[in-house]
Structures are given as C-alpha cells and as structure tokens.
Amino acid sequence: MSDDVTLKQSSTVYSNPYLEVEDRTYSHDGREYRYVVARQPEFSVVGAVTKEGKILMMRQFRPGPGHFTHELPAGMVDPGDTPEETARKELLEETGYTGRIEAVTTAYVMAYSTAKRHIFLAHDCEKIAEPEEDPGVIGEPFLMDPQDFAGLLRSGDMLDLDAALILAARLGIPVF
C-alpha cells in the first residue's frame with residue numbers, strides 16, 4: 002500500500018468559533034474516500050497535584066453528555082500562545098492554583114478531528130488566587146485524594162481520560 006493520499010476536495014458544511022465541519026474527499030491507489038472531519042483548535046490539559054499530594058480537578062456541566070462531569074483543568078491554545086503558556090494560564094484561571102509545569106506528550110483527540118491535546122503535569126501546586134468567573138462555564142474546582150481519583154477513573158465519568166491515566170501512572174496510583 003502506498004502512502005500517496007491526495008486531498009481532492011474539501012468544503013465547509015458548518016462553522017462556529019469552536020468547530021468547523023468539513024466534507025473531504027481523498028484519493029488513494031485509484032479510489033476515492035469521503036470523510037467528515039471536525040476542524041477544532043489545539044488545547045492544553047493539566048494534571049495538577051498540590052504540595053500536600055491532593056489532585057486538583059474540575060467538576061463542570063458539559064452539554065454533550067448533558068450532565069456534570071469530572072475533568073482536569075484545560076483550555077484552547079489562543080493564537081500567539083504556546084501550549085505550555087495555555088496550561089499555566091488555564092490552571093490559574095480555572096482553579097486559582099499555580100505550580101511547576103512539565104510537558105508530557107501531545108496526541109490527536111480522535112481520527113476524524115484536527116484537534117491536538119497537549120498534556121502537562123503541574124507539580125507542587127499552591128493556591129495563589131480565587132478562580133476566575135467565566136460566564137460560559139458552570140463548574141468549580143475541587144481537591145481529591147489519590148485513592149478517590151483512581152475510583153473516578155474507573156467510573157467512566159471522566160473527560161480527558163488519557164491525561165488522567167498519565168497522571169495516575171506518574172504518581173504511582175494503581176487504577177486497574
């Protein structure tokens with residue numbers, strides 16, 4: 002099989018500030034393949050641990066699932082910002098905490114999206130401010146013990162599961 006894949010056609014079928022949906026046609030080895038692709042921005046997600054060993058989490062309402070979920074602090078990478086700057090900024094804005102940021106990895110979110118998730122760990126976090134009010138967010142930060150974190154990962158009520166599993170592995174928290 003050759004690696005020669007050519008984009009033949011692309012048209013936008015939907016667009017808003019956070020999502021653009023494209024209908025794409027590719028050719029490969031004499032055949033055409035049609036896909037629907039979500040064009041989405043890159044974002045950073047931060048697994049954060051306090052100096053006391055607590056894990057910093059967010060509880061937020063998410064319209065896709067239609068209920069509150071648990072997740073790590075995260076946000077879109079703004080034009081001109083680096084993923085690390087975004088991680089640091091989102092951690093502070095969403096939780097009021099700051100810490101030593103460590104880049105871990107970058108991964109695509111899924112096969113039919115252009116979004117990349119930059120995963121960071123924040124060590125020795127300390128609260129230095131109150132979380133910022135965001136009129137578009139229904140949620141709050143909270144602290145969690147490592148053993149409760151493992152249970153949350155098994156519960157299926159966790160967004161950014163890949164980043165959370167990396168945090169658990171780095172902290173030596175057995176999950177499964």
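Going by our numbering, the first residue of the sequence shown is number 2, and it counts up by one from there.
Glycine included, each C-beta is placed from N, C-alpha and C at the ideal position.
With 16 other Cβ atoms within 10 Å as the buried cut-off, status of Y34: exposed
Residue environment, A170, which counts as buried when at least 16 other CB atoms sit within 10 Å: exposed
Length of the line joining the Cα atoms of A151 and M145: 10 Å
Same chain only: Cβ atoms within 6 Å of G48, ignoring 5 sequence neighbours per side: L73, L122, A164, L168
Under 8 Å between C-beta atoms of V78 and T87: yes
CB contact flag (Q41, L8, <8 Å): no
Whether Y113 touches A39 by CB criterion (8 Å): yes
Simplified DSSP state of I102, which is helix, strand or coil: strand
Check whether P175 and M58 have beta carbons under 8 Å apart: No, these two residues do not count as a Cβ contact at 8 Å.
Reference L162; option with closest CA among A116, I120, R25, I102: I120
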